[in-house]
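Report on one structure; see the data block that follows.
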Amino acid sequence: MLALSDLPICCKAQTDRQPGRGKALHHYIYYRLYTNNGALKSNNPIYSNDRFICRILSRSVAPPHTVASLKRHICRIEGFESSGSDISYKLYSSLSERVPLEDSTRLSLRGNPGPGSSETDPMALMVAVSAVEKRSMAASTLDPKTLPEWSDEPRYVYYRVYDQGGEVSSKTSFNETDFSLGRVDTLSVPPPHIVSSLRSRLLQAEEANQAVQLFEDDCGETIMNDADAIALSSADYPGINEDEPIAIVYQSDKSASTSEGKIYASPQPSSFSKQIKLLPGCGDWKSPDPAWHDLTVGEIFKTDGVVRTENLHTTPVQTRPCYMAINSAGKHALVISGWMGFC
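According to full-length UniProt numbering, the stretch in the sequence shown is residues 1 to 343, in order.
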């Protein structure tokens, strides 16, 4: 018979037990909350200087242990309407994942820790704006001053802001001698970590609601495409260094179009003036790739009408002709051109 030390890791996870009780260990599940343009504070923070991360004990999730069950529990303690299968909530196994988990996915919440087992690699719950508006903010009896401090040094995306006339002041400027240089914490960028998510976060930080272009650096040689992935947890991503910031360029004079009230999740360029919708005979479609829109019969998108070719990350990966399009929520993503007709 094999000794415990001889078992492969996948088997050891099933044999971990509490001493003398014969029960698998429970553990913490860490998570962060997001909307499509930034992070949301938790009702139950665990650090005094980072109110956005929280944790729950795995035993607090009702069986069966599925993604839907975990979503329902997080929604309840965070003040959201707790409908685990509601499309208003999407759960990612980590901040770096591009595709949310399916509600029916089974989770191993006992024994060897799984997704969300580390505060440095938490799960992420994306919450629709409509659900945030209905959120009840629980009155906490916990004094934030009694909480420990998050010890990790923040990691930033540095960026420089321009309009057509040159550099302009950034809303997140941190250097009084360099007013156009701003920064946002990488942990404030919502999943999936693609350029369109970063664009939404930067526009929210700049309180802007107009069209912009993003460049990989302030030399302006390489335009960043909305569907491109950004590895914000790596040691090399655009804007990681203060001396090599990405560039945001407003497509008109910034002073003529600052935010008043609503802040769009994504810019709506004037070139996106054509309306498209699913062709007759096409049904609803849920995209397996966050760089592509989910499609609903009757939903109208805006596009520039330019056909391009992009990869659809499914199994296997497909290369499809497509349009870049904006939905009613302001999200930039791709749609399969052959399924769409002009209105």
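Just so you know, even glycine gets a beta-carbon here, dropped at the ideal spot from N, CA and C.
In this structure the stretch 163-181 does not touch the stretch 61-76; the number of beta carbon pairs closer than 8 Å is below three. Setting aside the 5 residues that flank it on each side, Thr-309 is surrounded in the same chain by Thr-319, Arg-320, Pro-321 and Cys-322, each with a C-beta closer than 8 Å to its C-beta; the list follows chain order. In the three-state scheme derived from DSSP, where H, G and I count as helix and E and B as strand, Ser-93 is classed as coil. Assigned with DSSP and collapsed to three states, Trp-292 falls in strand. Take Arg-32, set aside five residues on each side of it, and the residues of its chain with a beta-carbon closer than 6 Å to its own are Phe-52, Ile-53, Pro-122 and Ala-124, in chain order. Restricting attention to alpha helix (DSSP H) runs no shorter than 4 residues, the stretch 95-162 encloses them at 129-133, ordered along the chain. The residues Val-157, Tyr-158, Tyr-159, Pro-245 and Ile-246, in chain order, have a CB closer than 6 Å to that of Gly-239 in the same chain once the five nearest residues on each side in sequence are set aside. Linking Asn-241 to Asn-175 through their CA atoms gives a straight-line distance of about 14 Å. By the CB criterion at 7 Å, Glu-78 and Asn-43 fall inside the cutoff. One Cα belongs to Phe-272, the other to Glu-149, and the distance between them is close to 46 Å.
Beta-bridge partners assigned by DSSP to Glu-221: none are found. The beta-bridge partner set that DSSP reports for Ala-325 consists of Thr-303 and Ala-333. A contact is defined here as three or more CB-CB pairs under 8 Å, and the stretch 54-61 fails this definition with respect to the stretch 217-229. Per the C-alpha coordinates, the member of Asp-50, Val-189, Ala-131 and Asp-185 positioned closest to Glu-119 is Asp-50.
Counted as a single uninterrupted DSSP element, the alpha helix (DSSP H) harbouring Val-195 occupies residues 195-205. Taken atom to atom, the span from the alpha-carbon of Arg-106 to that of Ile-248 is near 41 Å. Under a 10 Å Cβ-count criterion, Ala-131 is classified as buried, with 16 or more other Cβ atoms of the shown protein chains found around its own Cβ. DSSP, read as helix, strand or coil, puts Arg-183 in strand.
As computed with DSSP, Asn-311 is found in a beta bridge with Thr-319.
Residue nearest to Asn-311 within the set Ser-328, Gly-305, Ala-211 and Leu-334 is Leu-334 (criterion: CA-CA distance).
The DSSP-derived three-state label of Gly-38 is strand. By the criterion of a C-beta distance shorter than 8 Å, Pro-64 is surrounded in its chain by Arg-106, once the five residues flanking it on both sides are discounted. Within a 10 Å sphere around the beta-carbon of Gly-338 sit fewer than 16 other beta-carbons, which makes this residue exposed. Taking the C-beta atoms as reference points, Ser-48 is found nearer than 7 Å to Pro-144. Partner residues in the beta bridge of Gln-275, as assigned by DSSP, are Lys-302. Under the criterion of beta carbons closer than 8 Å, Val-67 and Leu-91 qualify as touching, at roughly 6 Å.
Looking at the backbone, the Cα of Arg-76 and that of Ser-82 are separated by about 5 Å.
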